[in-house]
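Notes to accompany the following structure.
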Amino acid sequence: MISYFMPVKFYFGKNALVDHGDELKQFGKKAMVVTGRSSAKLSGALDELITVFEENNQEYMVFDKIRENPYLSTVHEGAERLEEFGADFVIGIGGGSPIDAAKAISAIAKNNLQNDQIYKAKKYIKDAYPIIAIPTTSGTGTEVTPYSVITDKKADKKAGFGSPHIFPKISFVDPKYTLSLPYKVTKDTAIDALSHLLEGIYSQNRNVVNCPIIKRGIKLIIDNLPLCLNDLKKYSVRENLMLASTYGGMVIAQSGTTVQHSIGYPLTSQYEISHGLANGLVMKQIMEKFYPILKEDLDDLFDYLEMNKEDFYEWLESLNLNAGVNIGDWFVEEKPAEVLKSRNMALNPVEISAEDIKIIYKTLQ
Ligand code: NAP
Ligand code: FE
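Just so we're aligned, residue 53 is where the sequence shown starts under this note's numbering, counting upward by one.
Here's what the structure looks like:
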């Protein structure tokens, strides 16, 4: 039996928001817009959204306090601001950080969540304010997922939660917003999308409906990322990377993520290694670990890509992914226990031990 649940209406393409912004009218009179420091403006998305609000005769407030890997304390503050303003719906503009924050703010405010209850989503999230997503990076695919990743600084933990209530109602996916992305964010976010697509093969919750999407998405990244890194301003190439990213979101919305993601979270919270880069640094090691058991599926993928596993590793190598920090011995010793506790570990195709994780971390030293 196959089941497939993807309740997000999305518009994909140039001027998606301008052409379909009137759809926002159905969500009410007042919108809370959640953004990072500058990308909402830099990408052009915020200005287009403001024009839409004017045409729709809607009021809005901007909450621009979201930083990379958003804090639990910040999304609680956002939820208070939502209530003060009396917003009817929440719009996240940006990379994964502001969009995930918009999801969290919406759930916290609607369910009056306290402290870290948000991580126990099944128990506490019963509803949410309507969420609209406007991505400006092509990596997380959060515009089509029921997940949000929030860092609890007090508990020193970065962790995700998932609830069908936080699927965006509508996503406006316009690749032109990614034209302002710098080189490093372009590369790292594309690697995040590649991880999501590969994890659609690794996950025990693999969904066969996604098989063609996974192959096509990975090919789009392999072919287009190097072109994009040579010419950051080429629209058609940006469009291909954005499509691959949305594919990746559709894949993890069904299949979840695996150790490929869990192992990266401590690298991000401890050393501020970007999410996508953290995934990329261990991509080969994880593939090596899973290859024996998934040989048939991975070889099928490589046939489609017209390359073999070694060619894929060579492509990965050509990206020169580098941690750029010294990973401490204490980290290698202590962090595997945290990784093992992560929820995505349940979806690995083979048992992964603390020792396996230690060995992988050691390769980064
Ligand atoms: P991000 O943390 O949202 O943004 C990274 C940087 O890129 C920020 O400095 C941001 O600036 C900048 N930026 C964004 N769009 C830009 C643009 N168009 N032009 C110029 N600069 C731009 O990065 P992300 O990789 O998209 O998101 C990562 C987060 O998403 C992590 O917390 C990760 O765990 C999470 N994630 C979530 C899911 C999910 O399904 N929910 C899946 C995978 C990952 P500003 O500060 O100005 O915005
Ligand atoms: Fe990710």
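All residues carry an ideal CB built from backbone N, CA and C; glycine is no exception. Because the structure is a prediction, the values reported are computed rather than measured.
Original post:
Less than 7 angstroms separating the beta-carbons of threonine 189 and glycine 147?
Top reply: yes
Original post:
Would the segment 231-246 and the segment 338-350 be scored as touching if the rule is three or more Cβ pairs under 8 angstroms?
Top reply: no
Original post:
For alanine 83, which of helix, strand or coil comes out of DSSP?
Top reply: strand
Original post:
Which parts of the segment 110-189 are runs of the alpha helix (DSSP H), unbroken and 4 residues or longer, counting only runs that do not cross its ends?
Top reply: 124-137, 148-163, 173-176
Original post:
Which partner residues of serine 223 appear in the DSSP bridge assignment?
Top reply: Phe62, Ala185
**OP:** Using 6 angstroms as the cut-off, classify the Cβ of threonine 197 as near or not near the heavy atoms of the ligand NAP, replying yes or no.
**Re:** yes
Original post:
When the Cα atoms are used, what is the spatial distance from lysine 347 to glutamine 256?
Top reply: 15 angstroms
**OP:** Can you check DSSP and say which residues form a bridge with alanine 211?
**Re:** Ile202
Original post:
threonine 310: which of Glu291, Ser90, Asn331, Ala242 sits nearest, CA to CA?
Top reply: Asn331
Original post:
Looking at C-beta atoms only, is the number of pairs between the segment 196-212 and the segment 137-155 that lie closer than 8 angstroms three or more?
Top reply: yes
Original post:
Is aspartate 226 near the ligand NAP, with its Cβ less than 6 angstroms from a heavy atom?
Top reply: no
**OP:** Mind listing, in chain order, the continuous alpha helix (DSSP H) runs of no fewer than 4 residues lying wholly within the segment 357-403?
**Re:** 361-369, 381-393
Original post:
From what residue to what residue does the alpha helix (DSSP H) around glycine 328 run?
Top reply: 327-333
**OP:** For the alpha helix (DSSP H) holding threonine 238, just list the boundary residues, first then last.
**Re:** 235-254
**OP:** Pull up the CB-CB distance for alanine 329 and isoleucine 243, whole angstroms please, since I reckon it's below 8 angstroms.
**Re:** A quick correction: the sequence has leucine, not alanine, at residue 329. The pair is a contact, with the Cβ atoms about 7 angstroms apart (cut-off 8 angstroms).
Original post:
Taking all protein chains shown into account, do 16 or more other C-beta atoms lie within 10 angstroms of the C-beta of asparagine 396, making it buried, or fewer, making it exposed?
Top reply: buried
**OP:** Say whether the segment 314-322 touches the segment 268-287, bearing in mind that this needs 3 or more beta-carbon pairs closer than 8 angstroms, one atom from each stretch.
**Re:** no
Original post:
Considering only residues of the same chain and omitting the five flanking positions on each side of isoleucine 54, which have a CB-CB separation below 8 angstroms?
Top reply: Asn259, Val260, Val261
**OP:** Tell me whether valine 201 counts as near the ligand NAP, meaning its Cβ is closer than 6 angstroms to at least one heavy atom of that ligand.
**Re:** yes
Original post:
For tyrosine 56, does the three-state DSSP call read helix, strand or coil?
Top reply: coil
Original post:
Going by beta carbon distance, what residues of the same chain come within less than 8 angstroms of tyrosine 254, once the five residues before and after it are set aside?
Top reply: Thr310, Gln312, Ile338, Phe342, Leu346, Leu399, Asn400, Pro401
Original post:
Does DSSP put aspartate 283 in a helix, a strand or coil?
Top reply: coil
Original post:
Does the Cβ of arginine 192 have 16 or more other Cβ atoms within 10 Å, making it buried, or fewer, making it exposed?
Top reply: The displayed chain sequence assigns threonine, not arginine, to residue 192. Looking at its Cβ environment, which holds 16 or more other Cβ atoms inside 10 Å, threonine 192 is buried.
Subject >> Continuous alpha helix (DSSP H) stretch holding histidine 72: start and end >> reply: 68-72
Original post:
How about the segment 109-118 and the segment 87-101: do they share at least three Cβ pairs that are nearer than 8 angstroms?
Top reply: yes
**OP:** Could you check which residue in Gly212, Lys82, Ser370 has the C-alpha nearest to that of glutamate 136?
**Re:** Lys82
**OP:** Classify valine 104 as buried or exposed, calling it buried when 16 or more other Cβ atoms lie within 10 Å of its own Cβ.
**Re:** buried
Subject >> For isoleucine 304, the three-state DSSP class (helix, strand or coil) >> reply: helix
**OP:** Return the residue from the list Val334, Asn164, Thr126 that minimises the CA-CA distance to alanine 154.
**Re:** Thr126
Original post:
Is any heavy atom of the ligand FE found at a distance shorter than 6 angstroms from the C-beta of aspartate 240?
Top reply: no
**OP:** Closer than 6 angstroms by C-beta to alanine 185: which residues in its own chain qualify, once you throw out the five before and the five after it? Chain order, please.
**Re:** Gly144, Ile151, Glu195, Pro220, Ser223
Original post:
Any heavy atom of the ligand FE closer than 6 angstroms to the CB of aspartate 152?
Top reply: no
Subject >> Simplified DSSP assignment, three categories, for leucine 353 >> reply: helix
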